[in-house]
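Residue numbers (the numbering used here), protein chains in the order written: chain A, 1 to 121; chain X, 1001 to 1501; chain C, 2001 to 2335.
In structure tokens form, the structure reads like this:
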């Protein structure tokens, strides 16, 4: 799977699907799922740019004397994405707890129903 | 790296780390007083550090602090220059003033056993904002942006005790805010891909080689859109009125002065320091996009504000309109325009906070912020209402108020553009100010010319609420009359940015 | 890769939210496998634990409370579609001048990264470069990250543990006789009669906790570190709560302890930073923590990873307790 820009194209497609789910669905849980997809796609983008063909994971390995030193992939994007994953789960947890409260307060988790209730309130 | 033990050299990191570390402590504290006292003390301390930092940066040039002892671009660097110092002072100053107000006000809106956690979230929001302004690393911005955003979703949701719509407002903000932050992340990723670095100064120095390429063009797009969502630029503002309307009073007062301003700071930082004005306004012509949006924004939002029935919502729409002025200043792409924008960041922060605090007083006493419930409020709460009116004059831009000063600079900057464009911008500004007169007048009419409802309790808010409110109102007049401080720093920051960092 | 696209497309289409959640888990897991093939083992580990593990549990917990059927609405949203296509088009347009995939000479790999790869073994002395960048060079980001998870922890506590406004007073007392600990709640917690899961869990949990500790302290050498360890450790306790009951788990570790631990982790991390300031260096400058800079780095990384681990464990548990506690509260009121 390492030819051309294939990874980036997959990233773009995932991103579009995720974003579309967020914007078009009225169910709040579905929106959160879309948001997670949207974030996951960005992870793929970062990790792909750090990959070096023929490289290995950035953990120092013992080299046999005389052999060519190993090529390590770029560790920096990995670090950034670790942080981003944490941010993602934090957002998910908060979002879902709000969904639970909304369900209790309004009795529904459908955006359009809630909007109707708000207008009448 | 500082070898001697010198506390002042540690200010750049202490201003962030001390409030941040107080947050977990605060979460453990119990009782109605301690969490508030710790938060206020930390905020005041941060204000003190910020003032010192701004003074140092203004006197001796930008300060840099290498976290972990690793030199940039390998490590993360903190930079205090006239712009970031200016922002630090505004944010920590507003926060401290609002906190003075908070003790009594919040006790009514948040249950007692949750105060520790509430103030912990407040401190985190403060830390996030300060962290965004001081950092010199594009990815570190994202981390602190998320600290700020997550804690602001929490704080807004805390309004749910008074109105369940706070929950949906927080959820809506969470979705839109996360999309905005992720757009920013994509933009930073694209830049990193082309430059191999995340340090802002380092990106800027390598920017000339790659500025024509398509990924950079896309990166500019993603960052500008992502930040526009965060700063609630028209037409990305939909989350803001809801969030401000249903959040607890002090949260609204705090965010109105600071949260969107932080995103504006980032926008200025990217446009002027990282992309450089030549590329931003020559290469891609951001002005053509931002300028119409800004003008449409302040015209339409001032219009919408007139028809609001909820006082907080009215002020929230007016905030979106005022953000339009600031973005207009940026889009003029001149030193005068930038000065006006920075000045208005400061002036609007102080005026709007004062206004929201006086609304907080009304809510505390009258229990509602709907105009229909505030009939005759001027007779019931004369001191508070008078404060509101004075703040409203500042919003309109009457002479002697800070609103007049920043509009004056904005008009001057617009006229620099010359001929048709300049005059039409001035006309648009005038129309928008007239609209502001109308929406403030509606409040005045309700407050003074309608009879209070039968049996409505008369009585002022208590002193601990009135004093902080009046500090902001009087402060705004001080900065409207003696303009050396605010204009001076805004000019210095603008000159610094246009001089190329 | 194609599996990913297919998976996400189905997420968009299916109406049953439970199925959508499962598909999201599968997408995350597939993504983790792809990360392995892209040499990002640490990230893969985390994505598998968080994306496929924790977030799936959270979604299911939510669905148990809000119902899993999406309303039938076949409205075609043209506006959002146009926006998405525009965003996609911009990115597609940008790909044409992107540096080619996988080349060592790309700018990404030329400027800052070589320092990490070449010097970190001697400057920091930790074989896993991701750990050295994470905990030392960009240790401040990780401090922020710990703060983010702390924020989420207190946020969920604040939002979900608010008492319900209207029904709370009268009903609480009536129901209290029925409210026996661990007696069949909505989430299916606390089955006291199933022998097999109990035995299996008792055998398994010590190993999970041991593995968590291994991941915690082995992060210097292999993939792993405080964050992953925290998630696994929390998973062990969550399993205990699921098989036995929330009350039993609360007996082992209660909410107050959790809040304390959550704060403690951040304080440890920040404390390390402040110590290095007191020693005359910059915030989080580990070189000063011991006489030998490499030892100092080792010590610093060990301590901050510990801080991360504690906060993450506690925050995950806090979030889990809050969700389950809320579900139980709802179940009580429905009785």
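Just so it is clear, CB atoms sit at the ideal spot from N, CA and C, and this is done for glycine as well. The structure presented is a predicted model; accordingly, all values stated were derived computationally and were not measured.
- [ ] Going by CA-CA distance only, name the one from X/1095, X/1194, X/1231 that's closest to residue 1213 of chain X.
- [x] By 1-based counting over the second chain, the position of residue 1213 of chain X is 213. It is X/1194.
Task: Buried/exposed call for residue 1184 of chain X, threshold 16 Cβ in 10 Å - done: For the purposes of this step, residue 1184 of chain X is identified with residue 184 of the second chain, where counting begins at 1. With 16 or more Cβ atoms within 10 Å of its Cβ, residue 1184 of chain X is classed as buried.
Task: Endpoints, beta strand (DSSP E) assigned at residue 1064 of chain X - done: Against the second chain, residue 1064 of chain X aligns to sequence position 64. From DSSP, the beta strand (DSSP E) with residue 1064 of chain X extends over 1063 to 1066.
TODO: Compare the C-beta of residue 72 of chain A with all C-beta atoms of chain X and state if any pair is closer than 8 Å.
DONE: Here residue 72 of chain A corresponds to residue number 72 of the first chain, with the count starting at 1. So no, residue 72 of chain A is outside the interface.
Open item on the list: Helix, strand or coil, according to DSSP, for residue 1077 of chain X in the structure here?
Closed with: For the purposes of this step, residue 1077 of chain X is identified with residue 77 of the second chain, where counting begins at 1. Strand, per DSSP.
Open item on the list: Need the endpoints of the alpha helix (DSSP H) that residue 1288 of chain X sits in, please.
Closed with: Working through the second chain from its first residue, we reach residue 1288 of chain X at position 288. That run of the alpha helix (DSSP H) goes 1286 to 1306.
Task: Min CB distance residue 101 of chain A to chain X below 8 Å - done: Indexing the first chain from 1 puts residue 101 of chain A at position 101. Chain X contact via Cβ: present.
Open item on the list: Could you tell me the alpha carbon to alpha carbon distance between residue 47 of chain A and residue 2027 of chain C, rounded to whole angstroms?
Closed with: For the purposes of this step, residue 47 of chain A is identified with residue 47 of the first chain, where counting begins at 1. For the purposes of this step, residue 2027 of chain C is identified with residue 27 of the third chain, where counting begins at 1. Whole-angstrom Cα-Cα distance: 16 Å.
TODO: Answer yes or no: do residue 1243 of chain X and residue 1186 of chain X have a C-beta to C-beta separation smaller than 8 Å?
DONE: For the purposes of this step, residue 1243 of chain X is taken as residue 243 along the second chain, with counting starting at 1. For the purposes of this step, residue 1186 of chain X is taken as residue 186 along the second chain, with counting starting at 1. Not closer than 8 Å, so no.
Open item on the list: For residue 1172 of chain X, count the other beta carbons within 10 Å of its own beta carbon; 16 or more makes it buried, fewer makes it exposed. Which is it?
Closed with: Here residue 1172 of chain X refers to the residue found at position 172 of the second chain. Burial call: buried.
Open item on the list: Tell me the DSSP secondary structure of residue 1401 of chain X in three-state form.
Closed with: For the purposes of this step, residue 1401 of chain X is taken as the residue at position 401 of the second chain. Residue 1401 of chain X falls in the coil class under three-state DSSP.
Task: Coil, strand or helix - residue 1148 of chain X by DSSP - done: By one-based count along the second chain, residue 1148 of chain X stands at place 148. If DSSP states are grouped into helix, strand and coil, residue 1148 of chain X belongs with the helices.
TODO: Could you have a look at residue 56 of chain A and say whether DSSP puts it in helix, strand or coil?
DONE: Within the first chain, numbered from 1, the residue matching residue 56 of chain A stands at position 56. Residue 56 of chain A falls in the strand class under three-state DSSP.
- [ ] Report the neighbours of residue 2298 of chain C on chain X: residues whose CB is nearer than 7 Å to its CB, in chain order.
- [x] Counting from one through the third chain, the residue named residue 2298 of chain C turns up at place 298. Going along chain X, no residue has its Cβ under 7 Å from residue 2298 of chain C, so there is no contact; the nearest lies around 15 Å.
Open item on the list: Determine, for residue 1096 of chain X, whether the minimum Cβ-Cβ distance to residues of chain A falls below 8 Å.
Closed with: As a working note, residue 1096 of chain X is residue 96 in the second chain. Not closer than 8 Å to any Cβ of chain A, the Cβ of residue 1096 of chain X fails to qualify, so no.
- [ ] Inspect the beta-carbon positions of residue 50 of chain A and residue 71 of chain A and report whether they are closer than 8 Å.
- [x] To locate residue 50 of chain A, count along the first chain from 1; it is residue 50. To locate residue 71 of chain A, count along the first chain from 1; it is residue 71. No, they are not a contact pair.
Open item on the list: Applying the 10 Å Cβ sphere with the 16-neighbour rule, what's the burial state of residue 2328 of chain C?
Closed with: Within the third chain, residue 2328 of chain C is the residue found at index 328, counting from 1. Buried.
Open item on the list: Whether or not the region 1020 to 1032 of chain X and the region 2233 to 2245 of chain C are in contact is what I'm after, with contact meaning three or more pairs of Cβ atoms, one per stretch, closer than 8 Å; do they touch?
Closed with: no
Task: Which of helix, strand or coil DSSP assigns to residue 110 of chain A - done: The residue labelled residue 110 of chain A in the question sits at position 110 within the first chain. It is a strand residue.
TODO: Could you tell me if the beta carbon of residue 1109 of chain X falls within a distance shorter than 7 Å of some heavy atom in the ligand MG?
DONE: Questions concerning the ligand MG fall outside what the structure shown contains, since it holds no ligand whatsoever.
Task: Cα-Cα separation between residue 1233 of chain X and residue 1297 of chain X, rounded to whole angstroms - done: In the second chain, the residue the question calls residue 1233 of chain X occupies position 233. In the second chain, the residue the question calls residue 1297 of chain X occupies position 297. Distance between the alpha carbons of residue 1233 of chain X and residue 1297 of chain X: 7 Å.
Task: Whether residue 1357 of chain X touches residue 1427 of chain X by CB criterion (8 Å) - done: Along the second chain, read from residue 1 onward, the residue named residue 1357 of chain X stands at position 357. Along the second chain, read from residue 1 onward, the residue named residue 1427 of chain X stands at position 427. Not closer than 8 Å, so no.
TODO: Let me know the secondary structure DSSP gives residue 1953 of chain C once reduced to three states.
DONE: There is no way to answer for residue 1953 of chain C, as the model of chain C reaches only from 2001 to 2335.
- [ ] Compare the C-beta of residue 2063 of chain C against all C-beta atoms of chain A and say whether one is closer than 8 Å.
- [x] Stepping through the third chain from its first residue, residue 2063 of chain C is reached at position 63. Cβ-Cβ to chain A under 8 Å: yes for residue 2063 of chain C.
Task: DSSP-derived helix/strand/coil call for residue 1013 of chain X - done: Translated into the one-based positions of the second chain, residue 1013 of chain X becomes position 13. Residue 1013 of chain X falls in the helix class under three-state DSSP.
- [ ] Starting from residue 1335 of chain X, follow the alpha helix (DSSP H) in both directions and report where the run begins and ends.
- [x] Residue numbering aside, residue 1335 of chain X sits at position 335 when the second chain is read from its first letter. Element bounds for residue 1335 of chain X: 1335 to 1366.
- [ ] Please determine if the region 2112 to 2122 of chain C and the region 1050 to 1059 of chain X are in contact, where contact requires at least 3 C-beta pairs separated by less than 8 Å.
- [x] no
Open item on the list: If you reduce the DSSP assignment to three classes, tell me which class residue 1096 of chain X lands in.
Closed with: Within the second chain, the letter at position 96 stands for residue 1096 of chain X. Helix at residue 1096 of chain X.
- [ ] Please work out which residues of its chain come closer than 6 Å, Cβ to Cβ, to residue 2006 of chain C, disregarding the five sequence neighbours upstream and downstream, and give them in chain order.
- [x] Mapped onto the third chain, residue 2006 of chain C falls at position 6. Once the five neighbours on either side are set aside, residue 2006 of chain C has no close Cβ partner at all.
TODO: Following the continuous alpha helix (DSSP H) through residue 1070 of chain X, name the residue where it begins and the one where it ends.
DONE: The sequence position of residue 1070 of chain X within the second chain is 70, counting from 1. Where residue 1070 of chain X is concerned, there is no enclosing alpha helix (DSSP H), given that its DSSP letter is neither H nor E.
- [ ] Measure from the C-beta of residue 13 of chain A to each C-beta in chain X and report whether the shortest distance is under 8 Å.
- [x] As a working mapping, residue 13 of chain A is identified with position 13 in the first chain. Not an interface residue.
Task: Boundaries (first-last residue) of the alpha helix (DSSP H) holding residue 1209 of chain X - done: The residue labelled residue 1209 of chain X in the question sits at position 209 within the second chain. Where residue 1209 of chain X is concerned, the enclosing alpha helix (DSSP H) stretches over 1200 to 1210.
Task: Beta-carbon contacts of residue 2317 of chain C that lie in its chain and below 8 Å, excluding the five residues immediately before and after - done: Mapped onto the third chain, residue 2317 of chain C falls at position 317. 2234, 2237, 2238, 2253, 2258.
Open item on the list: So the candidates are X/1013, X/1347, X/1077; which of them puts its Cα closest to the Cα of residue 1046 of chain X?
Closed with: Residue mapping note: residue 1046 of chain X aligns to position 46 of the second chain, counting from 1. The shortest Cα separation from residue 1046 of chain X among X/1013, X/1347, X/1077 belongs to X/1013.
Task: Where residue 2083 of chain C sits in the DSSP three-state scheme - done: Numbered from its first residue, the third chain carries residue 2083 of chain C at position 83. Helix.
Task: Minimum Cβ-Cβ distance from residue 1146 of chain X to chain A less than 8 Å - done: Indexing the second chain from 1 puts residue 1146 of chain X at position 146. Yes, because at least one Cβ of chain A sits closer than 8 Å to the Cβ of residue 1146 of chain X.
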